[in-house]
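Q: One point on numbering: in full-length UniProt numbering, the residue at position 170 of the sequence shown is 170, and numbering is uninterrupted. Here a beta-carbon is modelled for each residue, glycine too, at the ideal position from N, C-alpha and C. Since we're looking at a predicted model, the values are computed, not measured.
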Amino acid sequence: MAPSGKAPIYLDYNGTTPIDPEVCRAMSLMMSQHWGNPSSSHYYGVQAKKAIETARRQCAELIGAEPGEMTFMSNGTETINQALKGLAEMGEAEGRRHFITQASEHVAVLEVCKALERHGCEVTYLPVDAEGLVNPQTLEAAITPRTICVSIMHSNNETGALQPIKEIVQRVRKASNRVYVHCDASQSLGKLPVDVNKLDVDLLTMAGHKLYAPKGVGALYKRSTVPALPPLLHGAGQESGRRASTENVIHIVGLGKACEIARRDLEKNQKHMQEMRDRLYQQLLQGLGSKAWRPDPGKSWSLRATSCVRTGRLRRGCRTPCPPPSSRWKPTHFCPRQLMRLQPLRALPVTVMRCTCRMCLRPWELAKNGPWAPAALHWAVKALAKRWIKRRRSWPRLP
Ligand SMILES: Cc1ncc(COP(=O)(O)O)c(C=O)c1O
Numbered sequence: 001m002a003p004s005g006k007a008p009i010y011l012d013y014n015g016t017t018p019i020d021p022e023v024c025r026a027m028s029l030m031m032s033q034h035w036g037n038p039s040s041s042h043y044y045g046v047q048a049k050k051a052i053e054t055a056r057r058q059c060a061e062l063i064g065a066e067p068g069e070m071t072f073m074s075n076g077t078e079t080i081n082q083a084l085k086g087l088a089e090m091g092e093a094e095g096r097r098h099f100i101t102q103a104s105e106h107v108a109v110l111e112v113c114k115a116l117e118r119h120g121c122e123v124t125y126l127p128v129d130a131e132g133l134v135n136p137q138t139l140e141a142a143i144t145p146r147t148i149c150v151s152i153m154h155s156n157n158e159t160g161a162l163q164p165i166k167e168i169v170q171r172v173r174k175a176s177n178r179v180y181v182h183c184d185a186s187q188s189l190g191k192l193p194v195d196v197n198k199l200d201v202d203l204l205t206m207a208g209h210k211l212y213a214p215k216g217v218g219a220l221y222k223r224s225t226v227p228a229l230p231p232l233l234h235g236a237g238q239e240s241g242r243r244a245s246t247e248n249v250i251h252i253v254g255l256g257k258a259c260e261i262a263r264r265d266l267e268k269n270q271k272h273m274q275e276m277r278d279r280l281y282q283q284l285l286q287g288l289g290s291k292a293w294r295p296d297p298g299k300s301w302s303l304r305a306t307s308c309v310r311t312g313r314l315r316r317g318c319r320t321p322c323p324p325p326s327s328r329w330k331p332t333h334f335c336p337r338q339l340m341r342l343q344p345l346r347a348l349p350v351t352v353m354r355c356t357c358r359m360c361l362r363p364w365e366l367a368k369n370g371p372w373a374p375a376a377l378h379w380a381v382k383a384l385a386k387r388w389i390k391r392r393r394s395w396p397r398l399p
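1. Taking only the alpha-carbon atoms, compute the straight-line gap between Val109 and Phe99 and give it to the nearest angstrom.
2. Quick one: is the Cβ of Asn75 within less than 6 Å of any heavy atom of ligand 1?
3. Which of helix, strand or coil does DSSP assign to Gly5?
4. Under 7 Å, do His234 and Ala244 count as touching if we go by C-beta distance?
5. With DSSP run on the structure shown, which of helix, strand or coil describes Leu266?
6. DSSP on Gly218, reduced to helix/strand/coil?
7. Provide the residue span of the beta strand (DSSP E) that contains Ala207, from first to last.
8. Which partner residues does Val150 have in the DSSP bridge list?
9. Does DSSP put Cys360 in a helix, a strand or coil?
10. Buried or exposed: where does Asn177 fall if 16 or more other Cβ atoms within 10 Å of its Cβ makes it buried?
11. At the level of alpha carbons, what is the spacing between Val123 and Pro230?
12. For ligand 1, I want to know if Ala108 counts as a neighbour, meaning its beta carbon is within less than 6 Å of at least one of the ligand's heavy atoms.
13. In angstroms, rounded to a whole number, what distance separates the CA positions of Gly132 and Glu247?
14. Which residue comes first and which comes last in the beta strand (DSSP E) that contains Thr17?
15. Three or more beta-carbon pairs under 8 Å between the region 268–282 and the region 50–61, yes or no?
16. On a CA-only basis, which of Gln47, Cys24, Gly68, Asp200 is nearest Gly241? Give me that one, please.
17. Sort out for me which residues DSSP pairs Met70 with in a bridge.
18. Using the three-state DSSP reduction, which class does Leu11 fall into: helix, strand or coil?
19. Would you be able to state if there are at least three C-beta pairs under 8 Å between the region 207–216 and the region 31–51?
20. If contacts are defined as beta-carbon pairs under 8 Å, then Leu116 and Ala142 qualify, I think. What distance do you get, rounded to the angstrom?
21. I need the straight-line Cα distance from Thr79 to Gln286, nearest angstrom please.
22. In angstroms with no decimal places, state the Cα-to-Cα distance between Glu167 and Gln282.
23. Using the Cβ count rule (16 or more neighbours within 10 Å means buried), how would you classify Lys198?
24. Is there contact between the region 253–260 and the region 10–28, where contact requires at least three CB pairs shorter than 8 Å?
25. Considering only the beta carbon of each residue, do His209 and Ala185 sit closer than 7 Å?
26. Run through DSSP, which three-state label would Thr159 get?
27. Looking only at its own chain, which residues have a Cβ that is under 7 Å from the Cβ of Cys360, when we skip the five neighbours before and after it?
28. For Val46 and Ala236, what's the separation of their Cα atoms in angstroms?
29. Assuming the contact rule is C-beta atoms closer than 8 Å, Lys85 and Leu232 should be a hit. Round their C-beta distance to whole Å, please.
30. Is it the case that the CB of Asn269 approaches a heavy atom of ligand 1 more closely than 6 Å?
31. Run through DSSP, which three-state label would Val123 get?
32. Does DSSP classify Ser290 as helix, strand or coil?
33. Taking the beta carbon of Pro325 as the centre, do at least 16 other beta carbons fall within 10 Å, making it buried, or is it exposed?
34. Around the C-beta of Pro227, are 16 or more other C-beta atoms found within 10 angstroms, so that it is buried, or is it exposed?
35. With DSSP run on the structure shown, which of helix, strand or coil describes Ser300?
36. Just to check, is the beta-carbon of Asp12 closer than 6 Å to a non-hydrogen atom of ligand 1?
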């Protein structure tokens, strides 16, 4: 989004995305005209129902699924809860209560796993390497006859690490044909091609607000061959009994439209975002030298830049005026939390994690913001570096 007036430059599109104007228009139409309850059989209800089914098709088409395999829910977190808790309940009858995941998953997965452990499930948290990747061989070795589910994300929200999902699934299938694979693809949809048949996953999570749809909507893909999961919510049996509660039609329409746009523009946006990522990296490299850091583009999607200061301070530093001609624009958001979580695994030195910030772009971001984002960042880093060096501290070294 182009900064206007005092608005800071936004480089946190993994955190959330604004609603696409086309999505807004589709939602406005629903708000003003098709406000019926989709369970009603009269005209207004039928219009709302039709809109939901269109959205279901649009979501399914983005990932190569069948519309009937999609269930709308309130967000990405709910879809993960439904997938993992549903499988845990299903596996109980068969005595299969072992889950496999990895240490740098989003908390929406890790916290569900902890909850499952409190309810008697066993969870294996696989370590990741310095690139944030799981070793598929280690994963295969962790599968036991009690394993019901492997849950591995596609692209990491903090590091951009792209897990080798295809290879992971191949190894899972080799070890057992009774293990279900869930993939949290919230961060890769709209940025990379995601096809449930090519990846061969059984369940997949979509989160609307990472995809230029509104917050508070998500969808769970469940392959038709996976048995029905016990629902989290019981009630009037909406979504074919898979998720009770009157559908959030407006947001569902928004998610459907966002998926349609993501599919339509994927090739063009993917190419453009890669170019911008590389351009931003080059600009940071010029200003920050070896402190600018781009993980292997084949293994990761995002860009990280290290500074000599903790990210919290860098954020404060960025509030100070940027160099002329713009004294108002400020790059924002640095999120060290997930990187910190990798430390017990010795993936990265703690200084690097404390001092690393993530930068996430959206299509056309740099084209609109010109060189100001990296310029503002250099300025803040250098101002803070002076103070840091005065205190005779050394700069963190990258691995
Ligand atoms: C990778 C990943 N999974 C799941 C979620 C949770 O999605 P939601 O905020 O829609 O519940 C997020 C959101 O930050 C995420 O980045």
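A: For this structure:
1. Position 109 of the sequence shown holds residue 109. Position 99 of the sequence shown holds residue 99. Computed Cα separation, rounded: 11 Å.
2. To locate residue 75, count along the sequence shown from 1; it is residue 75. Short note on Asn75: C-beta closer than 6 Å to some heavy atom of ligand 1.
3. Here residue 5 refers to the residue found at position 5 of the sequence shown. Reliability fails at Gly5, whose pLDDT of 46 lies under 50, so the model's placement of it is uncertain and no value is given.
4. Residue numbering aside, residue 234 sits at position 234 when the sequence shown is read from its first letter. Residue numbering aside, residue 244 sits at position 244 when the sequence shown is read from its first letter. In contact: His234 and Ala244 (Cβ atoms closer than 7 Å).
5. Counting from 1 along the sequence shown, the entry for residue 266 is found at position 266. Here Leu266 sits in helix by DSSP.
6. Position 218 of the sequence shown holds residue 218. Strand at Gly218.
7. Along the sequence shown, one-based indexing puts residue 207 at 207. In this chain, the beta strand (DSSP E) harbouring Ala207 covers 203–207.
8. The count along the sequence shown starts at 1 and reaches residue 150 at position 150. According to DSSP, which records beta bridges pairwise, Val150 is partnered with Ile100, Val181.
9. Residue mapping note: residue 360 aligns to position 360 of the sequence shown, counting from 1. Correct three-state label for Cys360: strand.
10. Position 177 of the sequence shown, counting from 1, holds the residue named residue 177. With a threshold of 16 other beta carbon atoms within 10 Å, Asn177 falls short and is exposed.
11. Taking the sequence shown and counting its residues from 1, the one referred to as residue 123 is at position 123. Taking the sequence shown and counting its residues from 1, the one referred to as residue 230 is at position 230. Between the C-alpha atoms of Val123 and Pro230 there is a straight-line separation of about 20 Å.
12. Counting from 1 along the sequence shown, the entry for residue 108 is found at position 108. Within the chosen limit of 6 Å, ligand 1 reaches the beta carbon of Ala108 through at least one heavy atom.
13. To locate residue 132, count along the sequence shown from 1; it is residue 132. To locate residue 247, count along the sequence shown from 1; it is residue 247. Whole-angstrom Cα-Cα distance: 37 Å.
14. Your numbering for residue 17 matches position 17 in the sequence shown. Careful: Thr17 lies outside any beta strand (DSSP E) and carries neither H nor E.
15. By the Cβ rule, the region 268–282 does not count as touching the region 50–61, because fewer than three pairs are nearer than 8 Å.
16. Numbered from 1 along the sequence shown, position 241 holds the residue referred to as residue 241. Ranking Gln47, Cys24, Gly68, Asp200 by Cα distance to Gly241 puts Gly68 first.
17. Your numbering for residue 70 matches position 70 in the sequence shown. Looking at the DSSP assignment, Met70 forms a beta bridge with Tyr221.
18. Locating residue 11 in the sequence shown gives position 11, where the first residue counts as 1. Reduced to three states, the DSSP call for Leu11 is coil.
19. Contact between the region 31–51 and the region 207–216 is absent, because fewer than three Cβ pairs lie under 8 Å.
20. Taking the first residue of the sequence shown as 1, we reach residue 116 at position 116. Taking the first residue of the sequence shown as 1, we reach residue 142 at position 142. Actually they do not touch by this definition, with Cβ atoms about 16 Å apart.
21. As a first step, residue 79 must be located in the sequence shown, where it is residue number 79. As a first step, residue 286 must be located in the sequence shown, where it is residue number 286. Using only the alpha carbons, I get a separation of about 42 Å.
22. As a working mapping, residue 167 is identified with position 167 in the sequence shown. As a working mapping, residue 282 is identified with position 282 in the sequence shown. Their Cα atoms are separated by approximately 32 Å.
23. Taking the first residue of the sequence shown as 1, we reach residue 198 at position 198. Classification for Lys198: exposed.
24. Counting C-beta pairs with one atom in each stretch, the region 253–260 and the region 10–28 have three or more that are closer than 8 Å, which means they touch.
25. Walking along the sequence shown from the start, residue 209 turns up at place 209. Walking along the sequence shown from the start, residue 185 turns up at place 185. In this structure, Ala185 does not lie closer than 7 Å to His209 by Cβ.
26. In the sequence shown, the residue the question calls residue 159 occupies position 159. Thr159: coil per DSSP, three-state reduction.
27. For the purposes of this step, residue 360 is taken as residue 360 along the sequence shown, with counting starting at 1. Correct list, in chain order: Leu11, Asp12, Tyr13, Asn14, Ser302.
28. Residue mapping note: residue 46 aligns to position 46 of the sequence shown, counting from 1. Residue mapping note: residue 236 aligns to position 236 of the sequence shown, counting from 1. Approximately 17 Å, taken between the alpha carbons.
29. To locate residue 85, count along the sequence shown from 1; it is residue 85. To locate residue 232, count along the sequence shown from 1; it is residue 232. Separation of the CB atoms of Lys85 and Leu232 is rounded to 6 Å, and the pair is thereby assigned contact status at 8 Å.
30. Reading the sequence shown from its first residue, position 269 is the one you call residue 269. No, since every heavy atom of ligand 1 falls outside the 6 Å radius drawn around the Cβ of Asn269.
31. Within the sequence shown, residue 123 is the residue found at index 123, counting from 1. Note: Val123 maps to strand in three-state DSSP.
32. The sequence position of residue 290 within the sequence shown is 290, counting from 1. Residue state, collapsed to three classes: helix.
33. Within the sequence shown, the letter at position 325 stands for residue 325. Low per-residue confidence applies at Pro325: pLDDT is 45, beneath 50, and the placement is therefore not dependable, though the value from the model is reported in the following sentence. Answer is exposed; the Cβ neighbour count stays below 16.
34. Within the sequence shown, numbered from 1, the residue matching residue 227 stands at position 227. Taking every protein chain shown into account, the CB of Pro227 has fewer than 16 other CB atoms within 10 angstroms, so this residue is exposed.
35. Locating residue 300 in the sequence shown gives position 300, counting from the first residue. DSSP places Ser300 in strand when its eight states are reduced to three.
36. Numbered from 1 along the sequence shown, position 12 holds the residue referred to as residue 12. Outside the cutoff, so no.
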